[in-house]
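Chemist: Here the working numbering is used: the first residue of the sequence shown is 746, the next is one more, and so on.
Starting off with a structure, shown below.
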Amino acid sequence: MIPLVVVTGIFVVFPVLLFRHFAQRNAGKSQTSNGDAVGKDLIDLADRMEKRIDTLERLLDVEAPGWRERHHEQH
């Protein structure tokens, strides 16, 4: 009986535990690299939005002088 448990442990349980360990480790690495890419994309998006807002504010300054004062009075 003991040899059957030992053989099962060596050839079934141990490889399954190793597989799960390495699978979890690899999943953690891919999430970190994916998170870095998402972070860079968000920073790029924020920079583009900031440039667009600056452009819109400059256009409004020309087209509707005093819009800032009117807008701040409402809030």
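Backbone N, C-alpha and C define an ideal beta-carbon position, used for all residues, glycine too.
Given the structure is predicted, the values throughout are model-derived calculations rather than measurements.
Which whole-angstrom value describes the C-beta separation of residue 812 and residue 804, a residue pair presumed to lie in contact below a C-beta threshold of 8 Å?
Modeler: That belief does not hold up - the Cβ atoms of residue 812 and residue 804 are roughly 10 Å apart, past 8 Å.
Chemist: Look up residue 782 in the DSSP assignment and say whether it is helix, strand or coil.
Modeler: DSSP places residue 782 in helix when its eight states are reduced to three.
Chemist: At the level of alpha carbons, what is the spacing between residue 758 and residue 797?
Modeler: Cα to Cα, residue 758 sits roughly 58 Å from residue 797.
Chemist: Going straight from the alpha carbon of residue 771 to that of residue 785, what length do you get?
Modeler: Between residue 771 and residue 785, the C-alpha separation is close to 21 Å.
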